[in-house]
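A.B. asks: Numbering (the working numbering), first residue to last: 7 to 318.
1. Kindly indicate which residue of 234, 166, 135 has the alpha-carbon position closest to the one of residue 182.
2. Considering only residues of the stretch 185-248, which uninterrupted alpha helix (DSSP H) runs meet the minimum length of 4 residues and lie entirely inside it, listed in chain order?
3. If I measure Cβ to Cβ from residue 66 and keep anything under 7 Å in the same chain, skipping five residues before and after, which residues do I get?
4. Mind checking which residues open and close the beta strand (DSSP E) that includes residue 175?
5. Using the beta-carbon count (16 or more within 10 Å), is residue 107 buried or exposed?
6. Do residue 89 and residue 51 count as a contact pair if the criterion is CB distance below 8 Å?
7. What residue does the beta strand (DSSP E) around residue 25 start on, and which one ends it?
8. So, helix, strand or coil for residue 287, using DSSP?
9. Looking only at its chain, what residues have a beta carbon closer than 7 Å to the beta carbon of residue 49, apart from the 5 residues adjacent to it on each side?
10. For residue 203, count neighbouring Cβ atoms within 10 angstroms of its own Cβ and tell me buried if that reaches 16, exposed if not.
11. Which two residues bound the contiguous alpha helix (DSSP H) that contains residue 96?
12. Given residue 215, which residues of its chain have a CB within under 7 Å of its CB, disregarding the five upstream and five downstream residues?
13. What three-state label does DSSP hand residue 92 in the structure shown?
14. What residues are listed by DSSP as bridge partners for residue 301?
15. How would you write the range of the alpha helix (DSSP H) that residue 258 sits in, first residue to last?
16. Considering residue 138, what are the terminal residues of the beta strand (DSSP E) in which it resides?
17. Please tell me whether residue 26 and residue 96 are closer than 8 Å, where the distance is taken between their beta carbons.
18. May I ask which residues mark the beginning and end of the beta strand (DSSP E) holding residue 18?
19. How many angstroms separate the CA atom of residue 257 from the CA atom of residue 190?
20. Could you tell me whether the Cβ atoms of residue 224 and residue 212 are closer together than 8 Å?
21. Using only the alpha-carbon positions, how far apart do residue 3 and residue 186 sit?
22. Check the DSSP bridge columns for residue 35 and list the partner residues they point to.
23. Give me the Cα-Cα distance between residue 125 and residue 93, rounded to the nearest whole angstrom.
24. Identify whether residue 60 lies in helix, strand or coil by the three-state DSSP scheme.
25. Going by beta-carbon coordinates alone, are residue 195 and residue 133 separated by less than 8 Å?
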């Protein structure tokens, strides 16, 4: 089966096997983070709308569940940009929970949590994973490059307000970028803001997949350890623990459907093809190399493949 709005399950160190739901078009976001693995935002907006018909998404979800094609641990609403821009996300979450007895997570940059209506809609979810990488307007603009209508103060206030009333779990995420937010002074300023937010876990992320800007890189080990000590968070590394999955029968199309939302290195692709007992791996790689919509990036000594244009 070919799905337009669902993908995976994909491996996640935090969520196990995660079935993704993407209710927004590719690279549609109110941030254009310098470290984004999907590249620069091409549709910068802070206007919420029903990008795709809600019933179409739900019909596809029901078809997936009925097929029983693969087991998963979480349903994760994230996709290819900022999911809170989807104006019917509350209804989407509530309907998904009516169809399946699995927790629903939302991965978000958190900017729209400044709106009370959005905070109320997220009350339907079990887990929300917002991001905070900066400590003032300057670092906010330098790292996250937000839509011009978003101020750092309103962003932080939204995170705090949401955390005070949300009944589910909140796992905060912090992306370390070498030379910007990895020094002791920056980390202590960020810690002061985290102290104002009520959360259950804090994950320290590293730009381990090719970022939007090629000057972005991983801080030294000593800086990562410093961040763990100051922030009290859990550092995530590059390794994946489980296998990628796709219900698409054609091997090449299956890979393309994954890398549209989640870049894969050559070892992950080889493992994925081995899992599917593919006998023409070299041919698949040759087609990936020739596909003008696929970008191959050298990163940490690996060939990483990601999609550079829309293939819906």
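Virtual Cβ for every residue (Gly too), placed ideally from N, Cα, C.
C.D. replies: Straight from the coordinates:
1. Per the Cα distances, 234.
2. Runs found: 190-200, 227-237.
3. Hits under 7 Å: 9, 10, 11, 12.
4. It spans 175-181 - the beta strand (DSSP E) in which residue 175 sits, taken as one unbroken run.
5. The residue in question, residue 107, is exposed, as its Cβ has fewer than 16 Cβ neighbours within 10 Å.
6. Their beta carbons are not under 8 Å apart, which means residue 51 does not touch residue 89 by this criterion.
7. Its beta strand (DSSP E) spans residues 22-27.
8. In this structure, residue 287 counts as helix in the three-state DSSP scheme.
9. Within the same chain, and ignoring the five residues on either side of residue 49 in sequence, the residues whose Cβ sits closer than 7 Å to its Cβ are 31, 33, 34.
10. Label assigned to residue 203: buried.
11. In this chain, the alpha helix (DSSP H) harbouring residue 96 covers 95-105.
12. Cβ neighbours of residue 215 within its own chain (closer than 7 Å, five residues either side excluded): 43, 269, 305, 310.
13. Here residue 92 sits in strand by DSSP.
14. Paired residue(s): 312.
15. 257-265 is the span of the alpha helix (DSSP H), which, as asked, contains residue 258.
16. No beta strand (DSSP E) holds residue 138; DSSP gives it neither H nor E.
17. Not closer than 8 Å, so no.
18. Segment 12-18, the beta strand (DSSP E) holding residue 18.
19. Spanning the two alpha carbons is a distance of roughly 46 Å.
20. In contact: residue 224 and residue 212 (Cβ atoms closer than 8 Å).
21. Residue 3 is absent from the structure shown; the chain starts at 7 and stops at 318.
22. According to DSSP, residue 35 bridges with 50.
23. The straight-line gap from Cα to Cα measures roughly 12 Å.
24. Look at residue 60 here: in three-state DSSP terms it is helix.
25. Contact flag unset, no.
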